[in-house]
Amino acid sequence: MRSVLRLATVVVLALHVACGGGSSNVTRPPDQQSPNIVFILTDDQALTDLAYMPQVKALLVDQGMTFQNHYVTLSLCCPSRVTGLRGQFAHNTDIFDNSAPDGGFAAVYALGLEQSTVATWLSAAGYRTAMLGKYLNGYPDTAPSKTYIPPGWTEWVSPNDGNPYKEYNYTLNVNGTSVSYGETEADYLTDVLSTKAVDFINRSIDQHPGQPFFLYLASYAPHAPATPAPRHANLFPGAQAPRTASFNEADVSDKPPWVQAQPLLTATQIADIDDLYRKRLQSLQAVDEMVKAIVDTLQAKGQLANTYIFFASDNGFHQGQHRLDSGKMTAFEEDLRVPLVVRGPGIVAGSSATAMTANVDYASTFAEIAGATAPSFVDGRSLVPVLAGQAPADWRQALLLEHKTVKNPDENLLARNGTLEPSDPFEKGAGGSRPDIAPFSGLRTVDGKTYVEYEDGSFELYDNDTDPAQLTNVYSSTPPDRKLQLSRWLGTLKGASGTTLRQAERSP
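End of the sequence shown = 854 in the numbering used here, gap-free, step of one.
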C-alpha cells in the first residue's frame, strides 16, 4: 500500500510542477514522511567511466532511471557546482572560473550567493541537510575563519586545508572543528566520506525520526591525480582511454583557431593519458563501494523506498579527443555530457529518459521533491515530471553553453590553499601554458546540433546525430537563414533569466 502511495506522490508532484524553477506546496498522504534525498556528485567523471562502476549499475541504473541526454552548461568544477546549488546559469551567478576574480569560493562568498541555495530552501522546509566532501574550489579562503560553515547546512564536513585531491594529508572542517588526517590507509578521503555519510544517515533516522534529510556527498575522485585506494591500485591493467574517432584527430583544419594550434599528441602524451585513465577508473572504485554502503544503510534502516538517490558528475572530461590532452572546459560532447542516474519512490526500475536535462535543473528538482519554495531567480526546471515518465511537451529544445577565458592559476595561491583545484594536463598544455580557448557561448539542441560562437569571430556547428565524434564542422556549408536562427536564439538565451529564459528555451 505504501508503495502505491509513494507512486501517487510522484505523480501528484509531476502534475503540480510547472516547467519553471518555482516549486508548489505539494500535499502528501498524511502517513508518509517527505522523501529523503541523497545527491552523490563525482569530480570530472566522464560519461563512459560509468561502465566501470558495477555497484552503481546494479543498485542505481538497474533500479532507477538513466538520463540519456544530460549535460552541464559550463564544463568546469566551481561554476558547475554553483549552478547546481542555485539553479542558475553562469551568466546569472557571474561564476565562470575556479578562482577569483571570476569564480571560486572567494567570489561566491563575496557575492553572497550562499545566502540562497538548495541548502537554505530545504532547511526552511524542515529538512536536515549535510554537506560532505568537496564544496567550492578554494574554500574557505577569504571566509571569516577556517571553520566557516555556509548558511543552510545542519552538518558540515569539508576539507579546509591540506591537499584533499591527493586523498591523504588533509584537514576537514567537521561541524566547526578542524580535524587532521594523515597518510594511513584509514585516512583515504573517499572512505572517510563514506563512513561519515553512513553515520549521518544512521543518526538522522535514529535521532530524528520523521524528519527527512538531504545529503550532498561530493567525492574528489576521479579528479587528477586520481589517487586510488590501496586495495584498487592494481586494477584495470592495460586499460586505455577510449580511442574514439576523434582521438588525436588527424585533420583539425575545420576547427576554431585554438584547436588548429594544437599539435598532434606525442607518444609520451598518449601514454600519460592512458596512465591517468587507469588511475581515474581505479579511484572510482571506492566511490562505487560508497554507493553500495549508502544503499545498504538505507535498506537496513527501512528508508530506501522513501529516498531519492541522485548520482552525477560536475563536468565531463576529454582524453585525447581533437588532439586535446586530458581536461575539460570545451563545448565538445566529452566535456558536456555527464552521467545522471536517479533511484527513488515511483521511478520505474531500469527506465531511461531522453529529455534534454542539465545541472541547472538539480536545485528545482530537490526543492520540488521536498515541497520547498525555490526563488524566482532560478533558471532551471524541475525533473520531477521526467522522473514520473511525464516530460511536458513544452520541455526545453535547446540548452545554453557558456565559457569565459580562464586565467592561469595563481601558483602562490595554490601553494597556500590546497583546496584549489590542481591544473589538468590540458590546462598546462604541451608548452606549459593553458591553451588559449577564446570565450564562447553556444547551444546544444534536441535535434542533435552543437552551435558555438567564439568571441574571436570563429564558429562551430556539428550534427551530432550523423557525426557523433564531431569530426566535421558544418558551419560554413549551413544555409544563412539557419545560422541566423541559431545566432538569434543564442543571443536571447545568453541574456535571459528565470521564466524568460525557460520560455526562450522552448523554440527559436
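The beta-carbon is built from N, C-alpha and C at its ideal position, and this holds for glycine as well.
message = Based on DSSP bridge pairs, tell me the residues matched to P505.
response = Taking the first residue of the sequence shown as position 1, residue 505 is located at position 159. P505 pairs with L518.
ask   = In this structure, does DSSP put Q849 in helix, strand or coil?
value = The residue given as residue 849 occupies position 503 in the sequence shown. In the three-state reduction of the DSSP assignment, Q849 falls in the helix class.
key: Option in I441, S672, S599 with minimal Cα separation from E287   = For residue 287 there is no data in the structure shown, the boundaries of the chain being 347 and 854.
request  = Given a cut-off of 9 Å, decide if V792 and V418 are closer than it, judged by their beta-carbon atoms.
outcome  = Numbered from 1 along the sequence shown, position 72 holds the residue referred to as residue 418. Numbered from 1 along the sequence shown, position 446 holds the residue referred to as residue 792. Going by C-beta atoms, V418 is not nearer than 9 Å to V792.
Alpha-carbon to alpha-carbon, I547 and E607 = Indexing the sequence shown from 1 puts residue 607 at position 261. Indexing the sequence shown from 1 puts residue 547 at position 201. Sequence check: residue 607 is Ala here, not Glu. Linking A607 to I547 through their CA atoms gives a straight-line distance of about 51 Å.
inquiry  = Is it buried or exposed, N509, if we count other Cβ atoms within 10 angstroms and call 16 or more buried?
reply    = As a position in the sequence shown, residue 509 is number 163, starting the count at 1. Answer is buried; the Cβ neighbour count reaches 16.
ask   = Are the beta-carbon atoms belonging to L482 and G450 less than 9 Å from one another?
value = Within the sequence shown, the letter at position 136 stands for residue 482. Within the sequence shown, the letter at position 104 stands for residue 450. In this structure, G450 lies closer than 9 Å to L482 by Cβ.
message = Taking only three categories from DSSP, how would you classify T493?
response = Working through the sequence shown from its first residue, we reach residue 493 at position 147. DSSP, read as helix, strand or coil, puts T493 in coil.
ask   = Is the beta carbon of V464 sitting closer than 9 Å to the one on G433?
value = In the sequence shown, the residue the question calls residue 464 occupies position 118. In the sequence shown, the residue the question calls residue 433 occupies position 87. Taking 9 Å as the Cβ cut-off, V464 and G433 qualify as a contacting pair.
inquiry  = In this structure, how does DSSP classify V684 when only helix, strand and coil are distinguished?
reply    = Walking along the sequence shown from the start, residue 684 turns up at place 338. Annotated three-state conformation of V684 is coil, per DSSP.
inquiry  = For the beta strand (DSSP E) containing K829, name the first residue and the last one.
reply    = Position 483 of the sequence shown, counted from the start, is the residue given in the question as residue 829. Counted as a single uninterrupted DSSP element, the stretch harbouring K829 is not any beta strand (DSSP E) but the alpha helix (DSSP H) occupying residues 826-839.
request  = Check whether the Cβ atoms of N521 and V503 sit closer than 9 Å, and answer yes or no.
outcome  = For the purposes of this step, residue 521 is taken as the residue at position 175 of the sequence shown. For the purposes of this step, residue 503 is taken as the residue at position 157 of the sequence shown. Taking 9 Å as the Cβ cut-off, N521 and V503 qualify as a contacting pair.
ask   = Taking all protein chains shown into account, do 16 or more other C-beta atoms lie within 10 angstroms of the C-beta of L682, making it buried, or fewer, making it exposed?
value = Position 336 of the sequence shown, counting from 1, holds the residue named residue 682. L682 should be labelled buried.
query = Where does the unbroken alpha helix (DSSP H) through N382 begin, and where does it stop?
reply = The residue given as residue 382 occupies position 36 in the sequence shown. Where N382 is concerned, there is no enclosing alpha helix (DSSP H), although the beta strand (DSSP E) it sits in stretches over 382-388.
query = Leaving out five residues before and five after G666 in sequence, what residues of the same chain have Cβ atoms less than 7 Å from its Cβ?
reply = Locating residue 666 in the sequence shown gives position 320, counting from the first residue. Correct list, in chain order: A587, F593, N594, L611, I616, I619.
request  = Compare the Cα-Cα distances from A646 to each of Q557, F656, I551 and report the closest residue.
outcome  = Translated into positions along the sequence shown, residue 646 becomes position 300. Put simply, of Q557, F656, I551 the residue whose alpha carbon is nearest the alpha carbon of A646 is I551.
ask   = Pairing CB atoms from the region 433-444 with CB atoms from the region 709-729, are three or more of them under 8 Å?
value = These segments touch.
inquiry  = For a test of the three-state rule: what should DSSP assign to H569, helix, strand or coil?
reply    = Sequence index remark: in the sequence shown, residue 569 carries index 223 (1-based). In the structure shown, the three-state DSSP call for H569 is coil.
key: Limits of the beta strand (DSSP E) - the one that K795 falls within   = On the sequence shown, position 449 is the one that residue 795 refers to. Unbroken beta strand (DSSP E) run through K795: 795-800.
key: Contact set for G778: own chain, Cβ-Cβ below 6 Å, skip 5 residues either direction   = Looking up residue 778 in the sequence shown gives position 432. Any reading at G778 needs caution, since the residue's pLDDT is 39, under 50, leaving its predicted position unreliable; the model's value is listed next. Result list for G778: empty, nothing under 6 Å.
task = For A532, name the three-state secondary structure that DSSP assigns.
result = Position 186 of the sequence shown, counted from the first residue, corresponds to residue 532. DSSP places A532 in helix when its eight states are reduced to three.
key: Distance, F712 Cα to G696 Cα   = By 1-based counting over the sequence shown, the position of residue 696 is 350. By 1-based counting over the sequence shown, the position of residue 712 is 366. Computed Cα separation, rounded: 21 Å.
query = So what's D809 in DSSP terms, helix, strand or just coil?
reply = Sequence index remark: in the sequence shown, residue 809 carries index 463 (1-based). The answer is strand: DSSP assigns D809 an E or B state.
message = Can you check which of these residues, G430, Y654, G458, P568, is closest to Q628 by C-alpha distance?
response = In the sequence shown, counting from the first residue as 1, residue 628 sits at position 282. Nearest C-alpha to Q628: P568.
request  = Tell me whether the beta-carbon of A564 lies closer than 9 Å to the beta-carbon of K480.
outcome  = Position 218 of the sequence shown holds residue 564. Position 134 of the sequence shown holds residue 480. Remark: C-beta atoms of A564 and K480 approach each other more closely than 9 Å.
query = Taking the C-alpha atoms as reference points, what is the distance between G528 and P574?
reply = Within the sequence shown, numbered from 1, the residue matching residue 528 stands at position 182. Within the sequence shown, numbered from 1, the residue matching residue 574 stands at position 228. Just so you know, the alpha carbons of G528 and P574 end up roughly 16 Å apart.
ask   = Taking the C-alpha atoms as reference points, what is the distance between Y534 and A734?
value = Walking along the sequence shown from the start, residue 534 turns up at place 188. Walking along the sequence shown from the start, residue 734 turns up at place 388. One Cα belongs to Y534, the other to A734, and the distance between them is close to 38 Å.
Residue ranges of each beta strand (DSSP E) within the region 700-737, 3 or longer = The region 700-737 contains no whole beta strand (DSSP E) run of 3 or more residues.
query = Can you name the start and end residues of the beta strand (DSSP E) that I655 belongs to?
reply = Taking the sequence shown and counting its residues from 1, the one referred to as residue 655 is at position 309. Residues 653-659.
ask   = So what does E635 bridge to, in DSSP terms?
value = The residue you call residue 635 lines up with position 289 of the sequence shown. Looking at the DSSP assignment, E635 forms no beta bridge with any residue, so it has no partner.
ask   = If you count every other CB in all the chains shown that lies within 10 Å of the CB of E851, and 16 or more means buried, which is it?
value = Residue 851 sits at position 505 when you count from the first residue of the sequence shown. That one is buried.
task = Take L644 and list the residues in its own chain whose beta-carbon comes closer than 6 Å to its own, dropping the five residues that flank it on each side.
result = Position 298 of the sequence shown, counted from the start, is the residue given in the question as residue 644. So the list reads L650, T653, once near-sequence residues are dropped.
ask   = What is the residue span of the alpha helix (DSSP H) that V428 lies within?
value = Counting from one through the sequence shown, the residue named residue 428 turns up at place 82. Counted as a single uninterrupted DSSP element, the alpha helix (DSSP H) harbouring V428 occupies residues 423-432.
Contacts around T412, its chain only, beta-carbon distance under 7 Å, and the 5 residues preceding and following it disregarded = For the purposes of this step, residue 412 is taken as residue 66 along the sequence shown, with counting starting at 1. Contacts found: V687, S698.
request  = Using the Cα positions of T394 and P486, report the straight-line distance between them to the nearest angstrom.
outcome  = Your numbering for residue 394 matches position 48 in the sequence shown. Your numbering for residue 486 matches position 140 in the sequence shown. The C-alpha of T394 lies about 33 Å from the C-alpha of P486.
request  = Confirm, please, whether the CB-CB distance from G794 to D390 is below 9 Å.
outcome  = Position 44 of the sequence shown holds residue 390. Position 448 of the sequence shown holds residue 794. With a cutoff of 9 Å on beta-carbon distance, D390 and G794 are scored as not near each other.
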